[in-house]
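3 is the number of the first residue of the sequence shown in the working numbering; add one for each residue after it. We put the beta carbon where it would ideally sit given N, CA and C, even for glycine. Let me begin by presenting the structure, written as structure tokens, before commenting on it.
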Amino acid sequence: MAKSGANLPIHSLGLLYFYFMKVLVFGSSGSGKSFVSQALRDEGINAWDADEVEGLASWYNAQGIRVPPPSSAREAMDQNFRFLWDKAFLARILNLHSNLYLFGGSGNLFDVVDLFDRVYCLTIDPVIQMERLRARAQSGSGLVTIDDMPVLWGQWLEKEAIKRNIPTIDGSWTPKRIWEIIRQ
């Protein structure tokens, strides 16, 4: 539930209304987080792609030592690497913004959900997800090797979201439709 005062409109842009709200939208690779956040930024909404926030996240091995990014999700799993957000850093960012929509994911995302007024999980059909991941790899952005680990991660995230009563949103929907849900 939103904190007191979270539904007070502060600005409008066309049919889009802004509220004092800190929202996290997470999902696995290929679920649409970067695409939707960019579309919302193009509309003037304070939507951030967590992958573009320098200092927010790093890869770590099982001993907690920072490591270079793996070349595939399979390598990350095989090496027991974890992609983790710095909770204190994230809290400082959120304290600087009364209104922020963060799109991203990390291995410790369920440890940071308490920093947000609302949290949503983007889900995606595995076939569509793999098509998106292959297209991203061919374009030169994203993981070099495509395997089934992002699909398995996405299925786990969806189950965890449901278990924690976090609403899910179909990542194949348009950014406008997703915005209509997360802005409420």
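- L159 and K165 have their C-alpha atoms roughly 10 Å apart.
- Apart from the 5 residues on each side of it in sequence, I130 sits with its Cβ closer than 7 Å to the Cβ of S174 in its chain, given in chain order.
- Its Cα nearest to that of L102, the residue S39 stands out among G29, L58, F83 and S39.
- Contact between M151 and R76 holds, since their C-beta atoms are separated by about 5 Å, short of 8 Å.
- For F85, the enclosing beta strand (DSSP E) has its first and last residue at R84 to W87.
- Rounded to the nearest angstrom, the gap between the Cα atoms of I47 and T176 is 15 Å.
- Less than 8 Å divides the Cβ of G29 from the Cβ of L124.
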